[in-house]
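Shown next, in structure tokens, is the structure this report addresses.
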Amino acid sequence: MSKLKIPSEANTAAWFFLTPALVLIGVFFFLPVAASLLLSVTDFDLYGIANPGNTRFVGFENYSRLLRTPDFWQALKNTFYFAVVGGPLTIAVSLGAALLLSSKLVRFKSFFRTIYFTPFVTTLVAVAIVWKYLYHTRYGLFNYALGAIGIGPIDWLGDPHWAMPAIILMAVWKSFGYNMLIFIAGLQAIPEDLYDAAEIDGASAWRRFFSITLPMLAPTLVFVSVITMIGYFQLFAEPYVMTQGGPLRSTTSVVLLMYEEGFRWWRMGYAAAIAFVLFIVILLATLVQFRLQKERT
Amino acid sequence: MTPARPHDPLPSMARRERVTRIALYALLVLGALMALLPMLWMLSASLMPTGEASTFPPHFLPSKPTIAHYRDLFTRLSLGRYLFNSALISIVVTFASLAVNSMAGYAFAKLRFRGRDKLFRFLSAGLVLPVQVSMLPLFLLLKNMGLINTYWGVIIPGLASIFGIFLVRQYALSIPDEMLDAARVDGASEARIFWSIVVPGILPILATLSIWTFLATWNDFMWPLIVLSDESHYTLPVALANLSGEHVQDTELMMAGSVITVIPVMLVFLFLQRYYIQGVMAGSVKG
Numbered sequence: 024m025s026k027l028k029i030p031s032e033a034n035t036a037a038w039f040f041l042t043p044a045l046v047l048i049g050v051f052f053f054l055p056v057a058a059s060l061l062l063s064v065t066d067f068d069l070y071g072i073a074n075p076g077n078t079r080f081v082g083f084e085n086y087s088r089l090l091r092t093p094d095f096w097q098a099l100k101n102t103f104y105f106a107v108v109g110g111p112l113t114i115a116v117s118l119g120a121a122l123l124l125s126s127k128l129v130r131f132k133s134f135f136r137t138i139y140f141t142p143f144v145t146t147l148v149a150v151a152i153v154w155k156y157l158y159h160t161r162y163g164l165f166n167y168a169l170g171a172i173g174i175g176p177i178d179w180l181g182d183p184h185w186a187m188p189a190i191i192l193m194a195v196w197k198s199f200g201y202n203m204l205i206f207i208a209g210l211q212a213i214p215e216d217l218y219d220a221a222e223i224d225g226a227s228a229w230r231r232f233f234s235i236t237l238p239m240l241a242p243t244l245v246f247v248s249v250i251t252m253i254g255y256f257q258l259f260a261e262p263y264v265m266t267q268g269g270p271l272r273s274t275t276s277v278v279l280l281m282y283e284e285g286f287r288w289w290r291m292g293y294a295a296a297i298a299f300v301l302f303i304v305i306l307l308a309t310l311v312q313f314r315l316q317k318e319r320t
Numbered sequence: 162m163t164p165a166r167p168h169d170p171l172p173s174m175a176r177r178e179r180v181t182r183i184a185l186y187a188l189l190v191l192g193a194l195m196a197l198l199p200m201l202w203m204l205s206a207s208l209m210p211t212g213e214a215s216t217f218p219p220h221f222l223p224s225k226p227t228i229a230h231y232r233d234l235f236t237r238l239s240l241g242r243y244l245f246n247s248a249l250i251s252i253v254v255t256f257a258s259l260a261v262n263s264m265a266g267y268a269f270a271k272l273r274f275r276g277r278d279k280l281f282r283f284l285s286a287g288l289v290l291p292v293q294v295s296m297l298p299l300f301l302l303l304k305n306m307g308l309i310n311t312y313w314g315v316i317i318p319g320l321a322s323i324f325g326i327f328l329v330r331q332y333a334l335s336i337p338d339e340m341l342d343a344a345r346v347d348g349a350s351e352a353r354i355f356w357s358i359v360v361p362g363i364l365p366i367l368a369t370l371s372i373w374t375f376l377a378t379w380n381d382f383m384w385p386l387i388v389l390s391d392e393s394h395y396t397l398p399v400a401l402a403n404l405s406g407e408h409v410q411d412t413e414l415m416m417a418g419s420v421i422t423v424i425p426v427m428l429v430f431l432f433l434q435r436y437y438i439q440g441v442m443a444g445s446v447k448g
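For the protein sequence lines, the chains are A and B, in the order given. Using our numbering, you'd call the opening residue of the first sequence number 24 and step up by one each time. Using our numbering, you'd call the opening residue of the second sequence number 162 and step up by one each time.
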């Protein structure tokens, strides 16, 4: 294709169509990302905002300070907790729902599919507020239901051990519908005769699931894991609204920490270093997922 | 998906199937209840008189339904203003980004120019960059342009999206080259070709993309929170988060605010879900 002689007319037209998008993405995304790297090796702060001349180059000082700060490690730990527990849980629920909705025995599929997908389109801030009240120790529905079977009451958002599980539970509810759709599409792509052949051979339903469904779904599974994990590493609004990062910083995520440092205390150089560490973590986690997948096949 | 039990004394296939079917429906209904419960409770509590949502045992339905909290929100707490802000920003971003992304997506799919594939690979690589990495310098940039605390400060960074370009490109690849070339031979201008051949051809993905953009912009929280410091410019999620700090005890009021925030996106989704769901499923298979 590229060896073809390119008519100059098409060339001009192409740039006419491309320029708006490229300028916007370049100026308002790639340029800031690059500037962020520069920012992270300076001590840019409130004085820098007042007068950029007050800013000094500090090398890797921000990064080394970060690594010496317990708050940062705590935030990193919390974010991993959220992603490593919440991610697989979300995927399991999504897959379960997708299998349920792909069963030949049930009807009204699109009706149920719509209901299951609804939480995904809702506004995160609004439902986080709703869940905050559902988690209320005395009046919340969750503790009421648990009380009925003799459990509790649990101080969901006030107990450092329960706050993150509470946030994870809400996140699973909010986002399983999206992955579910992708799984349904993946399931539809599996040829029906594979199952027919297995059934004739007398393979049980479990057996069919583990030796046909799961292997055939592997590429979908990787796609879904990567997407889910990248999203979960960016945890922000849930703790901001439901717990303000507490109690005892048990729900402060890396992005929440970056927000506080950068936009509340205006230590922007330091916050830029946090943002870059986040990027590196996400990049490494993505590579690990792809590697794991490659080993399995 | 229940396991077959070989030790059963050969139950008739029909009976076993019926049991499985009932179990599946039970699970489906249970799941649907769990998916809807938080929203149903939100709606119900928003109609309760002050204090009723904080009682033990909890009430599931309002004893005396009232719209007092909704009235309160619109009269005393200027929710109408935030609703307007959210609608304005979401609509502008949706339509403007649709134009920008579809043009670029088409160019990457169907027009030949030097460095096209390299440029596209470079853009795609940008998909792995979390948007938070750009936020600090972007804030400073917009501050220098005088756009902090304006609608434009929220709108401009949303005008072009790599994901959107990607989506349109995948779809536009299926437009036959012969059709475009035939139009060129007939002397149609490139703009004309785009408008009367390309746009009709990629309409389904444009529908998906516009719903996606509208929902994402409406629901977005972090960037508006950073850019908008003055209450009169707040979007609904930012205003709601702010309100929930001040009115943490007013459960019923907060639920009414949540209902107002969620209802527009729910309506958009319910009416256009066919395009949306199909788009998500189609995009994922290719992607």
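Note that the Cβ used here is the ideal one computed from N, Cα and C, for glycine as well. Please read all numbers here as calculations on a predicted model, not as lab measurements.
Cβ neighbours of residue i in the same chain (closer than 8 Å, five flanking residues each side left out)
| i | result |
| --- | --- |
| Pro270 (chain A) | Leu180, Gly181, Asp182, Pro183, Ala186 |
| Met442 (chain B) | none |
| Val148 (chain A) | Ala260, Val264 |
| Thr227 (chain B) | Leu208, Met209, Pro210 |
| Ile309 (chain B) | Phe300, Leu303, Val388, Ser390 |
Close Cβ partners of residue i (< 6 Å) along its chain, the five nearest in sequence each way excluded
| i | result |
| --- | --- |
| Tyr440 (chain B) | Going by the sequence as given, residue 440 (chain B) is Gly instead of Tyr. Closer than 6 Å at Cβ, skipping near neighbours: Thr369. |
| Arg272 (chain A) | Gln97 |
| Trp278 (chain A) | In the sequence under discussion, the amino acid at residue 278 (chain A) is Val, which differs from the Trp named in the question. Answer for Val278 (chain A): Gln257, Phe259, listed in chain order. |
| Val359 (chain B) | Tyr267 |
| Ser248 (chain A) | Gln312 |
| Thr422 (chain B) | Leu397, Leu401 |
Status (buried if at least 16 other CB within 10 Å, exposed otherwise) for residue i
| i | result |
| --- | --- |
| Phe140 (chain A) | buried |
| Gln410 (chain B) | exposed |
| Asp216 (chain A) | exposed |
| Asn74 (chain A) | exposed |
| Gly76 (chain A) | exposed |
| Arg287 (chain A) | exposed |
| Gly285 (chain A) | buried |
| Met291 (chain A) | buried |
| Arg232 (chain B) | exposed |
| Phe496 (chain B) | The structure shown does not extend to residue 496 (chain B), since chain B spans only 162 to 448, so no value can be given for it. |
| Ile305 (chain A) | buried |
| Lys127 (chain A) | exposed |
| Glu283 (chain A) | buried |
| Met203 (chain A) | buried |
| Pro218 (chain B) | exposed |
| Arg237 (chain B) | exposed |
| Glu213 (chain B) | buried |
| Leu431 (chain B) | exposed |
| Tyr436 (chain B) | buried |
Delimiting residues of the alpha helix (DSSP H) encompassing residue i
| i | result |
| --- | --- |
| Tyr312 (chain B) | 312-316 |
| Asp338 (chain B) | 338-346 |
| Gln293 (chain B) | 293-305 |
| Tyr267 (chain B) | 240-271 |
| Leu328 (chain B) | 323-333 |
| Gln257 (chain A) | Segment: none, Gln257 (chain A) is in no alpha helix (DSSP H) and carries neither H nor E. |
| Asn85 (chain A) | 84-90 |
| Lys100 (chain A) | 93-125 |
| Arg277 (chain B) | 277-286 |
| Met209 (chain B) | Here Met209 (chain B) belongs to no alpha helix (DSSP H), and DSSP marks it neither H nor E. |
Whole-number beta carbon distance between residue j and residue i, since they are thought to touch under 8 Å
| i | j | result |
| --- | --- | --- |
| Ser239 (chain B) | Pro223 (chain B) | Wrong, their Cβ atoms sit about 25 Å apart, outside the cutoff. |
| Met264 (chain B) | Ala44 (chain A) | 7 Å |
| Val426 (chain B) | Thr145 (chain A) | 7 Å |
| Thr216 (chain B) | Tyr167 (chain A) | With 8 Å as the limit, Thr216 (chain B) and Tyr167 (chain A) do not qualify as a contact, their Cβ atoms being about 11 Å apart. |
| Val300 (chain A) | Leu89 (chain A) | 7 Å |
| Ile317 (chain B) | Leu284 (chain B) | Ile317 (chain B) to Leu284 (chain B), Cβ: 18 Å. No contact. |
| Leu299 (chain B) | Pro55 (chain A) | 4 Å |
Same chain, Cβ closer than 7 Å to residue i, neighbours up to 5 away in sequence not counted
| i | result |
| --- | --- |
| Asn246 (chain B) | His394, Tyr395, Thr396 |
| Leu164 (chain A) | Leu157 |
| Val253 (chain B) | Ile316 |
| Gly418 (chain B) | Leu234, Leu240, Leu401, Leu404 |
| said: Taking beta-carbon pairs under 8 Å, can you tell me which members of the segment 184-214 of chain B lie near chain A? | reply: Contact residues of the segment 184-214 of chain B toward chain A are Leu185, Tyr186, Leu188, Leu189, Gly192, Ala193, Met195, Ala196, Leu197, Leu198, Pro199, Met200, Trp202, Met203, Ala206, Ala214 (C-beta to C-beta distance below 8 Å).
| Using a Cβ cut-off of 8 Å, which residues of the segment 154-169 of chain A contact any Cβ in chain B, in chain order? | Trp154, Lys155, Tyr156, Leu157, His159, Arg161, Tyr162, Gly163, Leu164, Tyr167
| Using Cβ-Cβ distances below 7 Å, what residues of the segment 53-82 of chain A are close to chain C? | This model lacks chain C altogether; the protein chains it does include are A and B.
| task | Could you name the residues of the segment 238-267 of chain B whose beta carbon sits closer than 7 Å to any beta carbon of chain A, in the order they occur along the chain? | result | Val261, Asn262, Met264, Ala265, Tyr267
| request: Return the residues of the segment 321-354 of chain B that lie within a Cβ-Cβ distance of less than 7 Å from chain A, sorted by chain order. | output: If you check each beta-carbon in the segment 321-354 of chain B against every beta-carbon of chain A, the ones closer than 7 Å belong to Ala321, Ile323, Ile326, Glu351.
| field | Interfacial residues, the segment 137-151 of chain A to chain B, with Cβ spacing under 8 Å | value | Taking 8 Å as the Cβ-Cβ cut-off against chain B, the residues of the segment 137-151 of chain A that qualify are Thr137, Ile138, Tyr139, Phe140, Thr141, Pro142, Val144, Thr145, Thr146, Leu147, Val148, Ala149, Val150.
| Listed from N- to C-terminal order along the chain, which residues in the segment 287-300 of chain A have their beta-carbon within a distance smaller than 7 Å of any beta-carbon of chain B? | Met291, Ala294, Ala295, Ala298, Phe299
| said: For the segment 173-189 of chain A, list every residue whose C-beta sits within 7 Å of some C-beta in chain B, in sequence order. | reply: Within the segment 173-189 of chain A, no residue qualifies.
| request: Pull out every residue of the segment 293-310 of chain B whose Cβ sits closer than 9 Å to any Cβ of chain A, in chain order. | output: Taking 9 Å as the Cβ-Cβ cut-off against chain A, the residues of the segment 293-310 of chain B that qualify are Gln293, Val294, Ser295, Met296, Leu297, Pro298, Leu299, Phe300, Leu301, Leu302, Leu303, Lys304.
| query | Listed from N- to C-terminal order along the chain, which residues in the segment 102-124 of chain A have their beta-carbon within a distance smaller than 7 Å of any beta-carbon of chain B? | reply | Ala120, Leu122, Leu123
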